[in-house]
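**Q**
Residue numbers (this note's numbering): 201 to 534.
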């Protein structure tokens, strides 16, 4: 016969449920929250578009024209989020990604337009990587054997970083996972007088299966995979090591990507570094929730907000998410 707990007297002396008894008490006791300022909106801008083009695998997300991107940036600023991260999709690609550092290239033109529109209200950010601009889809230039040449790629990143800074980017998102990328770009920015331009080091960026819809969003030309430079998903300590290296090279912020499948890495990176830590809720994470919600299997709004809360709880100071503007509206309306 099982023992019966007393219903009177001093037991139980600890009642955690007291802190859950009402919405007001739960608000007082909440350890982690998500506010609009914790969110950054990734956005795609495609050369040659006159109107937004839907992305089939990412319902609600589009490839923007420059004009529609301006409007989206204004909407994001009005929602109270902190930044917008721009990705360019050029009309023409080549082996070295020439469009990446062309002042008239789509990303740099769009950056200047958005900075002029909302530069005082949002941190205008730019993806610094060659994969959108190369005809082979890799994040760097290739050597004679078809392998990504790390040091030759750094030269392209330096040129690309300076072009983005000149266009008005306030933060460069170094997402290519080349060794030494933060140090090389930081040195070049400082030498050219861009000492206030921030660097976000995609320090722990994993070779993940969750990037699939993004490839459609940027019309990726990738042949093969990126496992020689992105991290093995099985390696937790290596992600922390990469973050420490980026911090030492001068990164102002470090990134863990993807977010939800790597919350353990996010927590350890947050504990290891002193700079802000961001996380990217990537396209596959977005698509899964949208697909489940479209089938009526989950509550869309509740699942979106809970997913963001989990990333914040694991240690992210800021979350890049395609729901940034919409989620900010929900949060402000609460």
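Cβ atoms here follow ideal geometry from the backbone N, Cα and C, with glycine treated the same way.
1) Just checking, does the stretch 238-250 make contact with the stretch 276-296 on the three C-beta pairs under 8 Å criterion?
2) Name the one or two DSSP bridge partners that residue 190 has.
3) By alpha-carbon positions, which one of 382, 411, 500 and 462 ends up nearest to residue 450?
4) Could you please give the first and the last residue of the uninterrupted beta strand (DSSP E) stretch that includes residue 399?
5) In or out: residue 300 buried (at least 16 other Cβ within 10 Å) or exposed?
6) My output table needs one value for residue 523: the three-state DSSP class, helix, strand or coil.
7) Alpha carbon to alpha carbon, how far is residue 520 from residue 361? Give it in angstroms, no decimals.
8) Any beta carbon from chain C within less than 9 Å of residue 376's own beta carbon?
9) Write down every uninterrupted run of the beta strand (DSSP E) in the stretch 454-505 whose length is 3 residues or greater and which is fully enclosed by it, in chain order.
10) Measure the Cβ-Cβ separation of residue 473 and residue 454 and say whether it is below 9 Å.
11) Residues in the same chain with beta-carbon distance under 6 Å from residue 517, minus the five sequence neighbours each way, listed in chain order, please.
12) Rounded to the nearest angstrom, what separates residue 169 and residue 500 at their Cα positions?
13) Under the DSSP definition of a beta bridge, which residues are partnered with residue 374?
14) Taking contact to mean at least 3 C-beta pairs separated by less than 8 Å, is the stretch 396-414 in contact with the stretch 339-349?
15) Among 366, 374, 407 and 418, whose alpha-carbon lies nearest the alpha-carbon of residue 395?
16) I need the straight-line Cα distance from residue 527 to residue 224, nearest angstrom please.
17) Using a Cβ-Cβ cut-off of 8 Å (strictly less than) and excluding sequence neighbours within five positions of residue 251, which residues of its own chain qualify?
18) Just the Cα atoms here: how many angstroms apart are residue 342 and residue 427?
19) If you count every other CB in all the chains shown that lies within 10 Å of the CB of residue 456, and 16 or more means buried, which is it?
20) Does residue 331 pass the burial test, meaning 16 or more other C-beta atoms within 10 Å, or should it be called exposed?
21) Considering Cα atoms alone, identify which of 386, 515 and 296 is closest to residue 352.
22) Check whether the stretch 438-450 touches the stretch 369-384, taking contact to mean three or more Cβ pairs, one atom from each stretch, closer than 8 Å.
23) At which residues does the beta strand (DSSP E) containing residue 176 begin and terminate?
24) For residue 436, which residues in the same chain have their Cβ closer than 7 Å to its Cβ, ignoring the five residues on either side in sequence?
25) Please classify residue 532: is it buried, with 16 or more other beta-carbons within 10 angstroms of its beta-carbon, or exposed?
26) Rank 431, 462, 335 and 387 by C-alpha distance to the C-alpha of residue 375 and give the top, closest one.
27) Taking only the alpha-carbon atoms, compute the straight-line gap between residue 523 and residue 258 and give it to the nearest angstrom.
28) Could you please give the first and the last residue of the uninterrupted beta strand (DSSP E) stretch that includes residue 245?
29) Let's see if you can read the secondary structure: which residues bound the alpha helix (DSSP H) around residue 414?
30) Quick check: the Cα distance between residue 489 and residue 496, rounded to an integer number of angstroms?
31) Look up residue 334 in the DSSP assignment and say whether it is helix, strand or coil.
32) One question on the structure: do residue 369 and residue 397 come within less than 9 Å of each other, judged by their Cβ atoms?
33) From residue 335 to residue 392, what does the alpha carbon distance come to, in whole angstroms?
34) Could you say which of 529, 277 and 287 lies nearest to residue 262 if we only look at CA atoms?
35) Excluding the 5 residues preceding and the 5 following residue 253 in the sequence, name in chain order all residues of the same chain whose CB lies nearer than 7 Å to its CB.
**A** Straight from the coordinates:
1) yes
2) No statement about residue 190 is possible, as the shown extent of the chain runs from 201 to 534 and does not include it.
3) The residue you call residue 450 lines up with position 250 of the chain shown. If we check each option's Cα against that of residue 450, 382 comes out closest.
4) As a working note, residue 399 is residue 199 in the chain shown. Start and end: 398-405.
5) For this step, residue 300 is matched to residue 100 along the chain shown. Buried, since its Cβ has 16 or more Cβ neighbours within 10 Å.
6) Taking the first residue of the chain shown as 1, we reach residue 523 at position 323. Residue state, collapsed to three classes: coil.
7) For this step, residue 361 is matched to residue 161 along the chain shown. For this step, residue 520 is matched to residue 320 along the chain shown. Between residue 361 and residue 520, the C-alpha separation is close to 20 Å.
8) This model lacks chain C altogether, as it is built from one protein chain only.
9) 477-480
10) For the purposes of this step, residue 473 is taken as the residue at position 273 of the chain shown. For the purposes of this step, residue 454 is taken as the residue at position 254 of the chain shown. For residue 473 and residue 454, yes; Cβs fall inside 9 Å.
11) The sequence position of residue 517 within the chain shown is 317, counting from 1. Here the set comprises 476 and 477.
12) The question about residue 169 has no answer, for the chain in this structure spans 201 to 534.
13) Taking the chain shown and counting its residues from 1, the one referred to as residue 374 is at position 174. In DSSP, residue 374 forms a bridge with 328 and 401.
14) no
15) Within the chain shown, numbered from 1, the residue matching residue 395 stands at position 195. If we check each option's Cα against that of residue 395, 366 comes out closest.
16) Within the chain shown, residue 527 is the residue found at index 327, counting from 1. Within the chain shown, residue 224 is the residue found at index 24, counting from 1. Each residue's Cα considered, the two are about 22 Å apart.
17) The sequence position of residue 251 within the chain shown is 51, counting from 1. Taken in chain order, the residues that qualify are 265 and 268.
18) On the chain shown, residue 342 is found 142 positions in, with the first residue counted as 1. On the chain shown, residue 427 is found 227 positions in, with the first residue counted as 1. Between residue 342 and residue 427, the C-alpha separation is close to 15 Å.
19) Your numbering for residue 456 matches position 256 in the chain shown. So residue 456 counts as buried.
20) Along the chain shown, one-based indexing puts residue 331 at 131. It is buried - the Cβ of residue 331 has at least 16 other Cβ atoms within 10 Å.
21) Within the chain shown, residue 352 is the residue found at index 152, counting from 1. Of 386, 515 and 296, the residue nearest in Cα terms is 296.
22) yes
23) Outside the modelled stretch of the chain, which goes from 201 to 534, sits residue 176, for which no answer is possible.
24) Counted from its first residue, the chain shown places residue 436 at position 236. Closer than 7 Å at Cβ, skipping near neighbours: 464, 465 and 468.
25) Against the chain shown, residue 532 aligns to sequence position 332. Looking at its Cβ environment, which holds fewer than 16 other Cβ atoms inside 10 Å, residue 532 is exposed.
26) Reading the chain shown from its first residue, position 175 is the one you call residue 375. Nearest C-alpha to residue 375: 431.
27) Translated into positions along the chain shown, residue 523 becomes position 323. Translated into positions along the chain shown, residue 258 becomes position 58. The straight-line gap from Cα to Cα measures roughly 11 Å.
28) Counted from its first residue, the chain shown places residue 245 at position 45. Unbroken beta strand (DSSP E) run through residue 245: 239-246.
29) Taking the chain shown and counting its residues from 1, one reaches residue 414 at position 214. Looking at the DSSP string, the run of the alpha helix (DSSP H) that includes residue 414 is 412-417.
30) As a first step, residue 489 is located in the chain shown; it is residue number 289 there, counting from the start. As a first step, residue 496 is located in the chain shown; it is residue number 296 there, counting from the start. So the alpha carbons of these two residues sit roughly 11 Å apart.
31) Within the chain shown, numbered from 1, the residue matching residue 334 stands at position 134. Reduced to three states, the DSSP call for residue 334 is strand.
32) Here residue 369 refers to the residue found at position 169 when the chain shown is read from its first residue. Here residue 397 refers to the residue found at position 197 when the chain shown is read from its first residue. Against a cut-off of 9 Å, the Cβ pair of residue 397 and residue 369 comes out as a contact.
33) On the chain shown, residue 335 is found 135 positions in, with the first residue counted as 1. On the chain shown, residue 392 is found 192 positions in, with the first residue counted as 1. In a straight line, the C-alpha of residue 335 is about 30 Å away from that of residue 392.
34) Here residue 262 refers to the residue found at position 62 when the chain shown is read from its first residue. Selected option, being the one with the closest Cα: 287.
35) Position 53 of the chain shown holds residue 253. Taken in chain order, the residues that qualify are 246, 262 and 263.
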